[in-house]
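Shown next, in structure tokens, is the structure this report addresses.
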Amino acid sequence: MAIDGFPDPFIVCCFISDTLVFVALYHNYSDMHYHFVYDIEKRSIQGETVSLKMESNKKNFPYKSFYNPDLNEVYLFYRQGQSFIISPENPEEYILDRMTELDLG
7 MAIDGFPDPF IVCCFISDTL VFVALYHNYS DMHYHFVYDI EKRSIQGETV
57 SLKMESNKKN FPYKSFYNPD LNEVYLFYRQ GQSFIISPEN PEEYILDRMT
107 ELDLG
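Using our numbering, you'd call the opening residue of the sequence shown number 7 and step up by one each time.
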């Protein structure tokens with residue numbers, strides 16, 4: 007376990023196509039978020055790796071990611087409420103937001 011009491015990893019992924027995988031991870035000691043698209047056939051990262059400083063406490067991590075083929079978007083959710091909408095064609099294009107109890111209901 008990366009954090010005592012939390013069985014969840016600091017990395018999540020979802021398939022965009024049969025050969026492309028979206029990957030997001032969080033390094034909690036440096037408060038850095040990273041995401042990229044990995045090409046399984048070429049065994050390499052497609053495009054750029056995006057990094058972003060996200061200050062939070064040490065118990066934050068990406069919780070789930072989902073691909074929406076209708077809108078061609080990846081949705082990424084963090085344990086402490088940060089959320090991303092990311093373009094899989096250009097991972098540098100993303101929207102970062104924060105969800106609270108008011109947003110959820």
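Positions of the beta carbon are idealized from the N, C-alpha and C atoms, including for glycine.
Helix, strand or coil at residue i [DSSP, three-state]
i     : result
TYR35 : coil
LYS59 : strand
GLU47 : coil
Rounded Cβ spacing between residue i and residue j (contact assumed at less than 8 angstroms)
i     : j     : result
ARG85 : TYR69 : 5 angstroms
Cβ neighbours of residue i in the same chain (closer than 8 angstroms, five flanking residues each side left out)
i      : result
GLU98  : GLY53, GLU54, VAL56
LEU110 : Because the pLDDT at LEU110 is just 42, under 50, the model does not fix this residue reliably, and the point stays unresolved.
ILE51  : PHE42, VAL43, TYR44, ASP45
GLU61  : ASP37
LEU31  : PHE16, ILE17, VAL18, HIS39, TYR40, HIS41, PRO68
GLU47  : THR25
Backbone CA spacing between residue i and residue j [nearest angstrom]
i     : j      : result
PRO94 : ASP45  : 12 angstroms
ASN63 : ASN34  : 8 angstroms
ASN66 : PHE42  : 19 angstroms
ASN96 : ASN78  : 11 angstroms
THR25 : LYS59  : 29 angstroms
LEU82 : PHE16  : 13 angstroms
PHE28 : MET105 : 22 angstroms
GLY87 : SER71  : 13 angstroms
Close beta carbons around residue i, own chain, < 6 angstroms, minus the five adjacent residues each side
i     : result
TYR73 : CYS20, ILE22, VAL80
ILE92 : VAL80, TYR100
Under 7 angstroms between C-beta atoms of residue i and residue j
i     : j      : result
SER89 : ASP103 : yes
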